[in-house]
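In the UniProt record's numbering, the protein residues as written are 1 to 163. For glycine and all other residues, C-beta sits at the position ideal for the given N, C-alpha and C. To keep things clear, I will list the structure first and then write my remarks on it.
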C-alpha cells in the first residue's frame, strides 16, 4: 500500500487574506480569470464587479498567498435572504492541483454560514471540468439557472449549508 500523498511544500506557506475587490492583487487575479475564460469560451464576464458587492457585511473576497505571491482568489456575496453566491473562484495555473480551490471554497462557505446563509449557489462553465469536479466532490448539486445564460455552456449549482 502506498503512502497518502503529502501536501506540497508550498501549501504550508499558504495563507488567505480578505481583500477589497479593488485591491491590486484581486484585480490581477480576476483579470487572469477573465483571460482564461475568454480563451476557453470565446466570451467571459468582465471582472469589473463593484467593490461594495464583496464588502462586509454583504460579502467577502479572499486572496490566497504563497509566501507573498497572490496565487488564488474567490468571493462570496449575498444573493437573497439566506442565500449566498460564490463568484470569481480562481487558482493561478502555476498553483493548481494543490487543493487551493478547495481551501478557498471552504473558507467562503464558512463565511457565508457565519453570515446566516443556509444555502450557497454558484455558476461555472460546462468546459471547466476541474471546477465541476471540485463542486461535485464538495456536495454541490445542479439547479436550474438563476441568471439568463446559455444553457449549453452555463452550469448552476447549489449546496445546503448545515450549521
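In the structure shown, residue 93 falls within a helical segment according to DSSP collapsed to helix, strand and coil. An exposed status is given to residue 42, since fewer than 16 other beta-carbon atoms sit within 10 Å of its beta-carbon. Three or more beta-carbon pairs separated by less than 8 angstroms link the region 102–122 to the region 56–74, which places the two stretches in contact. If you keep only unbroken beta strand (DSSP E) runs of at least 3 residues inside the UniProt domain "N-acetyltransferase" (14–162), you get 14–18, 59–66, 69–80, 83–91, 119–125, 141–143 and 154–160. Counting C-beta atoms within 10 angstroms of its own C-beta, residue 39 has fewer than 16 neighbours from the protein chains shown and is therefore classed as exposed. Distance between residue 161 and residue 94, taken at the CA atoms: about 31 angstroms. Segment contact: the region 141–158 against the region 100–114, fewer than three CB-CB distances shorter than 8 angstroms; contact not assigned. By alpha-carbon distance to residue 31, the top candidate from 47, 91 and 20 is 47. Our two residues, residue 25 and residue 150, have alpha carbons roughly 30 angstroms apart in a direct line.
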